Structure formats: structure tokens, C-alpha cells
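>
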Amino acid sequence: PGPGLLSRSGHGVRQQGGRTSLLRSFGYAFSGMAYLLRRQRNARIHAAITLVVIGLGVWLRLAGPQWAVLVLAMGLVWSAEAVNTALETLVDLASPQVDPAAKSIKDLAAAAVLLAAIAAAVVGALILGPALVRRALEP
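Here the numbering used here is used: the sequence shown runs in plain steps of one and ends on residue 290.
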């Protein structure tokens, strides 16, 4: 498509000067996040866990560095889930028929989410566990 025209995906390819506006780019990103939450059961599970972790962190009065590590771990899981969903959608579009290579791509993307979630759970246990024990032992 030429300047200012829409691509097949519906996103503007280029605006004046060959750039898509920053605001429009954020709009696409928020649209993707909304798609994740509407269409992906696992993303809703991640959202619930994220809210629980944030609630615990506030209740436990975590320090800045602890928050930084937790936010990075949660961000890793959310990013992996978004990439997994994008790859699944792309594979479905490119290979609507059953194909062993397509299955491998989807399985590998799902494995990336699982590995990120396991790592985040370990990080959460290492940060929240001792703080919960301290809180439970307070007089």
C-alpha cells in the first residue's frame, strides 16, 4: 500500500513523512492487550495472578528493588503470552490445514510462556515467601 493507505491488517502503514503517529501506535498496542484479555483464557489467568501479586506486594510493603524484580517477571510472562498469541494467530492464518511444522511452532511458543510463568512463580516465591513469613510471625 502507498502512503496513508491501510494494509490488509487494517493498520496504517505510513502517514505523512512515512511515520505512523505515536498515539496511533499506542492504540494498536492497547488493542492487542484487549484482544489478549478478551480471547485468551490464559491471559485472564495471568491478569488474576498479576492482581494478586500486586495486592500482596502492597500489603507486604515491598521495597523498590523487590517491586522491580516482580514487575520484570510479570512483564516477561505478559510479553511471552502476547508473542505466543501472535504466533498462534499467524500460524493459523498461514497454515489453516494441520501441519507438523505449524504444530511445532505453536508448541514452542506455548513452551516459552510456560518457562516464563515458571520463572515468574519462582521469583514470586523468593520475594513474597519470606515477606509473608515475616508478616505471619509479627506480634
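The C-beta atom is built at its ideal place from N, Cα and C for all residues, glycine as well.
Note that the structure is predicted; figures quoted are calculated from it, not measured.
Rank Glu-289, Val-220, Arg-285 by C-alpha distance to the C-alpha of Ala-272 and give the top, closest one.
Within the sequence shown, numbered from 1, the residue matching residue 272 stands at position 121. Nearest of Glu-289, Val-220, Arg-285 to Ala-272, Cα basis: Val-220.
> Give a yes or no on contact between the region 254 to 266 and the region 184 to 191, applying the rule of three or more CB pairs nearer than 8 Å.
The region 254 to 266, when compared against the region 184 to 191, does not touch it at the 8 Å Cβ threshold.
> Apart from the five residues on each side of it in sequence, which residues of its chain come closer than 6 Å, Cβ to Cβ, to Ala-253?
Position 102 of the sequence shown, counted from the first residue, corresponds to residue 253. Cβ within range, chain order: Val-242, Ser-246.
> Smallest Cα separation from Val-209: which of Leu-288, Ala-267, Leu-279, Ala-287?
Start at 1 with the first residue of the sequence shown, and residue 209 comes out as number 58. Nearest option by C-alpha distance: Leu-279.
> Look at the alpha carbon of Arg-192 and the alpha carbon of Ile-200, and state the distance between them as a whole number of angstroms.
Within the sequence shown, numbered from 1, the residue matching residue 192 stands at position 41. Within the sequence shown, numbered from 1, the residue matching residue 200 stands at position 49. Near 13 Å, if we compare the C-alpha coordinates of Ile-200 and Arg-192.
> Return the chain-ordered list of same chain residues with a C-beta closer than 7 Å to the C-beta of Met-225, the five sequence neighbours on each side being excluded.
Residue 225 sits at position 74 when you count from the first residue of the sequence shown. If we look at Met-225 and ignore the five residues flanking it on each side, its Cβ neighbours are Thr-201, Val-204, Ala-271.
> Ignore the nearest five residues each way along the sequence and tell me which others in Ala-282's own chain have a CB closer than 6 Å to its CB.
Taking the first residue of the sequence shown as position 1, residue 282 is located at position 131. Contacts found: Leu-211.
> On a Cα-Cα basis, can you pick out the residue from Val-249, Lys-257, His-197 that is closest to Thr-236?
The count along the sequence shown starts at 1 and reaches residue 236 at position 85. Nearest option by C-alpha distance: Lys-257.
> Quick one: grab the DSSP three-state call for Gln-217.
The count along the sequence shown starts at 1 and reaches residue 217 at position 66. Note: Gln-217 maps to helix in three-state DSSP.
> Within its chain, find whatever has a CB closer than 7 Å to the CB of Gly-218; leave out the 5 residues flanking it on each side and keep chain order.
Here the question's residue 218 lines up with position 67 in the sequence shown. This sequence places Trp at residue 218; Gly is not what is there. For Trp-218, where only same-chain residues beyond five positions count, the Cβ hits under 7 Å are Gly-208.
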